[in-house]
Structures are given as structure tokens and as C-alpha cells.
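Colleague: My numbering puts the sequence shown at residues 240 to 394. C-beta: ideal position from N, C-alpha, C; glycine also. Pasting a structure here, questions to come.
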Amino acid sequence: MWSLRSFRLAAGNFFRLYESNASSSLRFTRNSDLKRLNGFCTKPQESPKTLTNSYSHRVPLHKPTDWEKKILIWSGRFKSKDQIPETISFEMLDAAKNKVRVKISYIMIALTVLGCIMMVIEGKKAAKRNESLTSLNLERKARLREEEAMKAKTE
């Protein structure tokens, strides 16, 4: 039976052989021109021509929707809708969304802690009145039995 180590060695040998066969059809030269050997000719691929002076590094802009404008205001980026420009960058919008996400998560954490504290206080009040879940269930079951006994007598 094959062990895991022998299986790994066999798989490694297989992939090494496969890579050596695959690399014979594609070869990189020192000047990084890609040459393809088809058996007929070897021709370096043409490099794409670079545009001179016509390409500028501009950030793509986005026209914000009404909801995105509200997010920008909530995040504190802008004070009012009038101050928001016609187009904004995606980075600015992402930063505003992240800031709003963090604020919402903080609010949810605070509400969860507040809810836990309220439940502890309610539990303490119930303990002072000697109300436990067991006693409440026993009382409810006793009431249901009495109602069933009353229905049985009337029928």
C-alpha cells in the first residue's frame, strides 16, 4: 500500500516532468520578450506602444447617488448635500462607507451591552419578588389544570 510520502514524491515527479514539457513550448529570454516555438518560426511578440503625453494619471470618478450622499454626510466628510461635488473618487466613498460601518457597529455594541444590563436588572427584580421561571411555570400549569377541571364539570 502506498504511503503518503511516496504519493507526494510521485506527484512531485509528475509535476516536474509536466513543467519541463510545458516550458519547452514557452521560453523567456533575458530581455523578457516572450517567444513561442511553434516549430515553424520564432518571432518575439510586439510590445504595445506607449502613449506619450496623452495619458495622465487620473483617478476614476463616480457620481454619488442620494444614499451615498447621505453616507458622506453621516461619515462627516461633508456638512450638507450642497457641499458634495458632482463627482467623487471611489476611495473617498469607500472611506466614508467604512467610517459609517464602524459607527453602526459601535452603536450595536452599545445597544447589546445596554440590553444585557437591562436583562440583569429585570432578573434581579424578579428574584426579589420570588418569581422564578420554575414557579411561574408551575402556577401556569396549575391554572390550566383548574380550567380543564371546570370544563370537564360543565360538560
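Buried or exposed: which applies to leucine 353, given that a residue is buried once 16 or more other Cβ atoms fall within 10 Å of its Cβ?
Modeller: Exposed: under 16 other Cβ atoms inside 10 Å.
Colleague: How many angstroms separate the CA atom of threonine 373 from the CA atom of isoleucine 310?
Modeller: 49 Å
Colleague: Considering only residues of the same chain and omitting the five flanking positions on each side of isoleucine 327, which have a CB-CB separation below 7 Å?
Modeller: Leu300, His301, Pro303
Colleague: Count the other CB atoms within 10 Å of the CB of threonine 291; is the residue buried (16 or more) or exposed (fewer)?
Modeller: Because the pLDDT of threonine 291 is 49, which lies under 50, any placement of that residue in the model is unreliable, and the question is left without a value.
Colleague: Alpha carbon to alpha carbon, how far is leucine 383 from serine 371?
Modeller: 19 Å
Colleague: Identify which residue in Glu307, Lys390, Arg244, Glu330 has its Cα closest to the Cα of lysine 320.
Modeller: Taking each of Glu307, Lys390, Arg244, Glu330 in turn and checking the Cα distance to lysine 320, the smallest one comes out for Glu307.
Colleague: Please state the DSSP three-state secondary structure of isoleucine 327.
Modeller: strand
Colleague: Please report how far the alpha carbon of glutamate 330 lies from the alpha carbon of lysine 336, in whole angstroms.
Modeller: 10 Å
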